[in-house]
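In what follows, a single structure is set out as structure tokens and then discussed.
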Amino acid sequence: MKKRPASEIVGIVMVSFVVVLAIVGLFWTPYDVNAMDYTLKNSAPSFSHPFGTDNFGRDILSRVMQGASSSFVIATLTVAIGAVVGTVIGALTGYFGGAADAVLMRVNDALAAFPGVLIALVIIAVMGNGRTNLIIALGIAFIPSFVRVVRGEMLVQKELDYVKNLKLMRAGSLRTVFIDILPNLSTVLRSSILIGFQNAVLSEAGMSYLGLGVTPPDPSLGRMLSEAQSYMIFAPWYAIAPGVMILMLTLGLGFVSHGREEKR
Amino acid sequence: MKKFLFLVTLMSLSVLYGCSNATGKGGAGSDGGNVVVGITQDLDSLDPHVAVAAGTDEILFNIFEGLVKVDEYGNVNPAVAESYVLSDDAMKYTFTLRDNVLFHNGDAVKAEDVVYSLKRCAGFQDAYDPSVSVESAFSVISEIYSPDEKTVVIELNTANTELIYYLTCAIIPKGYDKQATDPIGTGPFKFSSYTPLKSFVMERFEDYWGTKPALQKVTFNIYANSDAALPELMAGNIDIMTALENDVAAQLKDNYNIEYANYNLVQALFLNNDFEPFKNPDVRKALCMAVDRDQINNMISDGHGSLIGSGVFPGLSAIFAKDLVNYYPYDPDAAKELLKNAGYADGFSFTITIPSSYTPHVHSGEVIVENLKKIGVTAKIELIEWSSWLTDVYQGRKYEATVIGLDANLAPGDILKRYRSTAKNNFINFTSEAFDTAYANGINAKTIDEKAVYYKECQKILTENAASVYIQDPAQITVVKKGLTGYTPYPVYVLDMSKIHYEK
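Chains L and D, in that order, give the protein sequences. The working numbering puts the first residue of the first sequence at 1, with every later residue one more than the last. The working numbering puts the first residue of the second sequence at 1001, with every later residue one more than the last.
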């Protein structure tokens, strides 16, 4: 096995740091995330509040921990929806081709022509705001990229000898697609999922920055960033904490997927 | 009512980048100097009869005047009119026009201009303009005419002693069709230029009938929000900026004086009285006791807001019932007890719908959610867009609770009229016969003292029935550059530039 590139190790460290904080945040935080204290409003980082407090005197560390876990959950589910639905559609259309393929791919192109966030905004405008709807909306927005990747690979694979052999052996088409071919796509899928996850974290932050998704008072990294804007000059720690979390998570994921590609 | 409720909006939203106009550094000169004002809302129209946004009225106050004009104490004083008489049966107003009032184009104001302006505002057939947002209070007017060059008469179809407060409606030249691009009025400042999303400039009107303003030129720079204006404020490129957050204002205190006033809003957790748990007055009372208004005031405006206990803000000093402010002191234990007796020992859940753009209301909502946790009530915040709030909550009444600020015309009865059982804008579905009677008595009363008695009665009914959880009139924080004086807060949305001047 080749040695891991340094960037991948850095990436793993960065992502693990956030992941550990997020996982701990699911079960325990130093303070109640929503507990307010007027007397502590906007206080600078200290021993009792290592990341400082926000404009309600809430502990930023606790909020960042829980914000990271909710980003994580949302991003995971988003990618899961995008990857599963996208793979199924991409695999089937790629393998069978024909009119259905042509139609679905044009629809896919149309969807892909808009920025994902815009599609998600439209879906939320129709379905209403909320965490579940945000996941569904972002999930749908993530489908096209998976469809395209999987379909492309499928077109290559189906011309290979082993698939032709399977056809000669009269293996069922669905069996061929999902049991025989799909595992060969795992490398491609893995890097798409990593990149997708990175984008999902950013999209979630972007959406909650715009006030969609997680509703206050529950913490979310994007919303914290947007609220911190007013206090950026005299309480910079409020913006730094969630900003650094998002940065570490996305940059770390970037390093990891880059490292994997180098190894290939 | 024209701008039925024009909300707090301003508070912390606002402003776009750019355009620090060099004129800001005018300083005191023989010409009185120039001033740059930062605002956070573009103007919705330059035509005073079309504009409905409070942020626009605030500016156009300097350009236009009505027959009467508001002062900082909430009185209406004669302006284009010199005096007026209300008939004993309160069915007829007779105005005597002031001599030598000129429009900004140099023409003298004639009675026909006044009649035209009022008719246009009231939506009369012979001056009808579809773009004008007709003032609904004018529906009591049956006729407007001028018996001679110096007199204008308004006849009503029902007695009304409060119409005078709406006659601040701008007087504009008859038949002039460029109001929307090149507005002409009679105010102390005249329009100079307007660049959408960028700036609005006005200059001193040399032929103004009253006390001429000191300033030569005022530039309103438009920013997307107060965050965008902050660098300009720190650089000293803005002389006056209002609707700032206290934390933001505090860091400017080296170069600016900080002025605290009120928004003249009734900010409350409004409860839909038709929603199941809130049908029970005891549940509403419990909520009133469970919400820590002091905490909200501290969090949102560092304690500079004024607490309220009923549906009137303190700025309406003549009718404001002070004794109701602490009718429901903060007492979560008593609240819990009340809930228990009402059959909600285990609490209940409901959703608070808040327009997402109004940060102070969202923040207040966050505090309320925490407060209610202590009495076992689970509140969830749902953020929606302003336009959906208007249709779903305000007009459709499809909501459980909301946090918002209501403003009102200075007419004493205006702020209370929404609570009448049959009122179209009674969005909390409050019903009380006693209230309806007291309100009707108030409207028909002749003097303000008599009115005050009935309107205080109205407020008492609202409080005793815990119509909603009244919170505060939030603090409006304005920074004024050191060296400038004369900033005067009004009990309505007004940014009076005519009183501002440089210290000698």
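Yeah, the Cβ is synthetic: ideal placement off N, Cα and C, and Gly gets one too.
Just to confirm before moving on: does the CB-CB distance between SER1357 of chain D and THR1378 of chain D stay below 7 Å?
no
What are the boundary residues of the beta strand (DSSP E) that includes ARG1204 of chain D?
1199-1204
Positions along the segment 1357-1382 of chain D whose CB lies within less than 9 Å of some CB in chain L
Near chain L, meaning a CB-to-CB distance below 9 Å, the residues of the segment 1357-1382 of chain D are SER1357, THR1359, VAL1362, HIS1363, GLY1365, GLU1366, VAL1367, VAL1369, GLU1370, LYS1373, LYS1380, ILE1381, GLU1382.
ASN1262 of chain D (DSSP reduced to helix, strand or coil)
Looking at ASN1262 of chain D - three-state DSSP - the assignment turns out to be strand.
Taking THR1463 of chain D as the reference, give the member of D:ALA1090, D:ASN1246, D:PHE1270 with the closest Cα.
D:PHE1270
DSSP state of LEU160 of chain L mapped onto helix, strand, coil
Three-state result, LEU160 of chain L: coil.
Can you give me, in chain order, the residues of the segment 211-230 of chain L that have a beta carbon less than 7 Å from any beta carbon in chain D?
If the cut-off is 7 Å between Cβ atoms, the segment 211-230 of chain L has GLY211, THR215, PRO216, PRO217, GLN229, SER230 near chain D.
Can you tell me where the alpha helix (DSSP H) holding THR187 of chain L begins and where it ends?
186-209
Just checking my contact of GLY1365 of chain D with ILE1381 of chain D at CB under 8 Å: how many whole Å lie between their CB atoms?
5 Å
Straight-line Cα distance separating LEU1372 of chain D from TYR95 of chain L:
57 Å
I believe SER69 of chain L touches LEU26 of chain L by the beta-carbon criterion, under 8 Å. Please report the beta-carbon distance rounded to the nearest angstrom.
5 Å
Below 8 Å on the Cβ atoms is my contact criterion, and I expect ASP1047 of chain D with ALA1053 of chain D to pass it. Report the Cβ-Cβ distance as a whole number of Å.
That pair is no contact at about 12 Å.
Could I get the ranges of all uninterrupted beta strand (DSSP E) runs contained in the segment 1338-1405 of chain D, with 3 residues as the minimum, in chain order?
1349-1355, 1378-1384
With DSSP collapsed to three states, give me the class of GLY1038 of chain D.
Strand at GLY1038 of chain D.
Out of D:CYS1121, D:ALA1159, D:VAL1403, which one is the CA nearest neighbour of ASP1088 of chain D?
When only C-alpha atoms are compared, the closest one is D:ALA1159.
CB contact check: MET1299 of chain D to chain L, cutoff 7 Å:
yes
Listing by chain order, which chain D residues have their CB less than 9 Å from the CB of MET36 of chain L?
GLN1295, MET1299, GLU1366, VAL1367, GLU1370
Under the DSSP definition of a beta bridge, which residues are partnered with ALA1108 of chain D?
Answer by DSSP bridge pairing, in chain order: D:LEU1102.
Counting pairs of beta carbons, one from the segment 1405-1425 of chain D and one from the segment 1294-1313 of chain D, are three or more of them closer than 8 Å?
yes
For GLU1245 of chain D, decide whether its Cβ has a neighbour in chain L, counting only Cβ atoms nearer than 7 Å.
yes
Could you name the residues of the segment 40-72 of chain L whose beta carbon sits closer than 9 Å to any beta carbon of chain D, in the order they occur along the chain?
Cβ contacts with chain D come from LYS41, ASN42, ASN55, PHE56, GLY57.
Closer than 9 Å by beta-carbon distance: list the chain L residues that pair up with ILE1384 of chain D, in chain order.
GLY128, ASN129
With a Cβ-Cβ cutoff of 7 Å, do TYR1419 of chain D and PHE1430 of chain D count as a contact?
Taking 7 Å as the Cβ cut-off, TYR1419 of chain D and PHE1430 of chain D qualify as a contacting pair.
Return the Cβ separation of GLY11 of chain L and GLY254 of chain L in integer angstroms, given the expectation that the two are a contact with Cβ distance under 8 Å.
About 7 Å separates the two Cβ atoms, so the contact holds.
Given a threshold of 16 other Cβ atoms within 10 Å of its Cβ, counted over all protein chains shown, does ILE179 of chain L qualify as buried or as exposed?
A residue is called buried when at least 16 other Cβ atoms come within 10 angstroms of its Cβ; ILE179 of chain L does not meet this threshold and is exposed.
Is there a Cβ from chain C that is less than 7 Å from the Cβ of GLN1041 of chain D?
Annotation note: the requested chain C is absent from the structure, which comprises protein chains L and D.
How many Å lie between THR1040 of chain D and ILE1240 of chain D at the Cα?
12 Å
Terminal residues of the continuous alpha helix (DSSP H) containing PRO1281 of chain D?
1281-1290
Interfacial residues, the segment 240-260 of chain L to chain D, with Cβ spacing under 9 Å:
none
Cβ neighbours of GLU1143 of chain D in the same chain (closer than 6 Å, five flanking residues each side left out)
GLU1155
Are the C-beta atoms of GLN1251 of chain D and some chain L residue less than 7 Å apart?
yes
Exposure of ALA1022 of chain D, with buried meaning 16 or more beta-carbon neighbours within 10 Å
Caution is warranted here: a pLDDT of 37 is assigned to ALA1022 of chain D, below 50, making its placement in the model unreliable, and no coordinate value can be reported.
To test your reading of the DSSP string, which unbroken alpha helix (DSSP H) runs of 4 or more residues are found completely within the segment 48-106 of chain L?
60-96
Taking just the CA atoms, how far does ASP1346 of chain D sit from PRO1277 of chain D?
12 Å
Report all residues from its chain with a CB closer than 6 Å to the CB of ILE1296 of chain D; omit the five preceding and five following residues, and keep chain order.
Here ILE1296 of chain D has SER1364, VAL1367, ILE1471 as same chain residues with Cβ atoms under 6 Å from its own Cβ, once five neighbours each way along the sequence are excluded.
Answer yes or no: do ALA1111 of chain D and SER1139 of chain D have a C-beta to C-beta separation smaller than 7 Å?
no
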